[in-house]
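I have placed the structure first, in the form of structure tokens, so that the comments after it can refer back to it.
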Amino acid sequence: MRQRAGERQHALSGPSLATKNPSRAMKAFDRLDRAVEVAIALLFALMLVAGILQITNRFFFNISLSWSEELQRYLNIWITFLAIPVGYRRGTHIGMNMLFDALPRAPQRLLLLLQEILWLVFALAIGYYATEIMAVAKNQSSSSLGVTMDKVYVAQVIGGAYLALIALRRLVTRLSPCKLIALEPAMHAPVDEVT
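So in the working numbering, the last one in the sequence shown is 302, and the numbering has no gaps at all.
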């Protein structure tokens, strides 16, 4: 069965979870994905405002804000650990597909499954080790903001959990026998050519 050009999903960017009649779970996943993207945008805007305040106060009023640089650093950590899963879900992380393109279909499918499994293991490792770090960090406070450091490191736990959820969704989708319609643009061979 041939798909229209707008409905193609590419192999290395991962399968989309959208079907012609999305289930409640898929709609919930879509809402979660959108909420995370909005959170990233808001955190970035807050980081930008803190940076502008720091520059404005330093150059125009000769006042240095002690908290703005630290806030920007911690917001950057939050943005990073929330954006990694978004990039993975969209298939925008850098990758080398020379080996993938040289393989026949069956090994390509296995390689794609291995990719999803490795992402899942990576996500679980991030979450596990971040909780270990948080146990130690709850006794430390940041120098300027005065917040306990576990509030900074919880970004790794949340990002790891979100990444694990996306990896699990993609793994289940790869193993699913039904064909899915893509909503997101992709760059590599379509799934219907690989699966």
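Quick reminder that beta carbons are idealized off the backbone N, C-alpha and C, glycines included.
Helix, strand or coil for residue i? Go by DSSP, reduced to three states.
i, result
"Thr163", "helix"
"Ser251", "coil"
"His295", "Note that His295 scores a pLDDT of 41, beneath 50, so its modelled location is shaky; the value from the coordinates is reported in the next line. It is coil, neither helix nor strand."
"Asn183", "helix"
"Lys134", "helix"
Given residue i, which residues of its chain have a CB within under 6 Å of its CB, disregarding the five upstream and five downstream residues?
i, result
"Ser248", "Thr255"
"Leu252", "Trp174 and Glu177"
"Ala244", "Met256, Asp257 and Tyr260"
When you compare each of the options to residue i by their alpha carbons, which one comes out closest?
i, options, result
"Ala232", "Ala262, Leu155, Asn246 and Gly267", "Gly267"
"Asn183", "Gln215, Phe166, Leu219 and Ala146", "Ala146"
"Phe229", "Pro192, Ser130, Leu282 and Leu218", "Pro192"
Note down, in chain order, each residue of its chain lying with its Cβ closer than 7 Å to the Cβ of residue i, except the 5 sequence neighbours on either side.
i, result
"Tyr195", "Trp226, Leu270 and Ile273"
Looking at residue i: is its Cβ nearer than 8 Å to the Cβ of residue j?
i, j, result
"Val264", "Leu189", "no"
"Ile186", "Phe136", "no"
"Leu220", "Arg281", "yes"
"Gln179", "Ala213", "no"
Can residue i be considered in contact with the ligand NAD, in the sense that its beta carbon sits closer than 7 Å to one or more heavy atoms?
i, result
"Trp226", "Judged by which ligands are present, the structure shown has none, so any question about the ligand NAD falls away."
Give me the Cβ distance between residue i and residue j, rounded to the nearest whole Å; I'm assuming they're in contact under 8 Å.
i, j, result
"Leu160", "Leu149", "That pair is no contact at about 16 Å."
"Ile224", "Leu275", "That belief does not hold up - the Cβ atoms of Ile224 and Leu275 are roughly 10 Å apart, past 8 Å."
Keeping to the same chain, check which residues put their C-beta closer than 8 Å to that of residue i; ignore five residues upstream and five downstream.
i, result
"Ile162", "none"
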